[in-house]
Every structure is written in C-alpha cells, then in structure tokens.
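Only one structure is covered here, and it is reproduced in the block below.
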Amino acid sequence: MVSPATAQDTAAAPSDQPTDSQPIPPTGAEATDNVSHNVVVLRALDKITARITELDVPIGKEVRFGTLALTAKYCRTRPPIEPPETYAYLQIDDIKRAGKRERIFDGWMVASSPALNPLEHPVYDVWVMSCKTVSPEATSGSE
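Have a look at this one:
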C-alpha cells in the first residue's frame with residue numbers, strides 16, 4: 010500500500026521536472042541571437058597582379074574593387090561563446106564598358122566556407138573575413 014506522503018510526492022514530481030513536451034526556455038547566452046553589424050570586412054584578390062586587399066564595406070553602401078562594385082546588404086556573427094562564424098549577404102556587379110553592369114553574385118557568403126558559395130570571376134576573388142560595428146561618428150568623420 011502507498012502512503013499518502015508518497016502519493017503526494019509522486020503527483021508533484023511530474024510538474025517539477027521538465028519533460029519532452031515542456032522544453033526548458035533558453036536563458037543567458039542561449040537566449041541571445043547572432044550579433045548584427047554595420048560593416049562587412051572582405052578580402053579581395055586580383056588574380057592578374059596577385060594584389061590582396063581588405064575592404065570595409067558599410068551595409069547598404071557600394072565599394073569598388075577593380076571593375077567590381079560590391080554592396081553589402083547584411084552581416085551577422087555568432088556570439089563569442091559559440092563556434093566562430095560570419096555570414097554576409099552580398100551583391101556584386103561587374104562594370105563593363107560604357108558603364109553597363111552585370112550582376113555576377115547575389116547571395117550569402119560564409120567566412121568559414123568560402124568555397125560553399127563562391128564568386129566566380131576570371132580576374133577577381135572575393136571572400137568574407139568578418140563583420141564589425143563602426144560608430145556613426147567614426148564614419149562621418151572620414152567623409
């Protein structure tokens with residue numbers, strides 16, 4: 010026979026313990042999402058001259074490298090407690106003669122896997138290095 014105290018303990022146990030149907034809500038670092046930034050740091054290679062250049066591309070602005078016009082639309086990095094990863098959404102146009110533009114890349118680049126979604130161009134390679142946040146005061150002073 011079961012004593013009344015044991016029956017109460019047994020009845021109270023399921024509500025005290027999390028189950029598969031009751032997931033534990035994330036707390037602390039688990040609750041934070043990826044960190045958004047306002048500048049994408051790209052590395053560009055000119056295959057003809059072997060020149061490597063680091064480019065700081067502000068979100069929504071266009072930066073030129075050779076005949077390429079690079080525009081960053083979005084950049085995110087994982088929080089420091091997770092494995093490092095940077096994602097950037099880029100639009101890259103090749104500017105031909107007479108100013109005609111040809112969109113040669115429109116999509117996500119991942120810093121840890123540049124070959125996953127590469128820019129395919131006979132003269133230039135571009136890949137994501139990192140994202141950073143630059144204060145508005147710093148960017149307005151350089152103009």
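First residue of the sequence shown: 10, per our numbering; consecutive thereafter.
Where a beta carbon is used, it is the ideal one built from N, C-alpha and C, also for glycine.
These numbers come from a predicted model, not from an experiment.
Check	Outcome
Span of the beta strand (DSSP E), counted from its first residue to its last, around residue 116	110–119
Euclidean distance between Cα positions of residue 143 and residue 75	25 Å
Euclidean distance between Cα positions of residue 98 and residue 117	4 Å
Test item: CB-CB of residue 91 and residue 79 under 8 Å	no
Sub-8 Å separation of residue 132 and residue 51 beta-carbons	no
Proximity winner among 46, 85, 95, relative to residue 119 (alpha-carbon distances)	95
Range covered by the beta strand (DSSP E) that runs through residue 60	60–67
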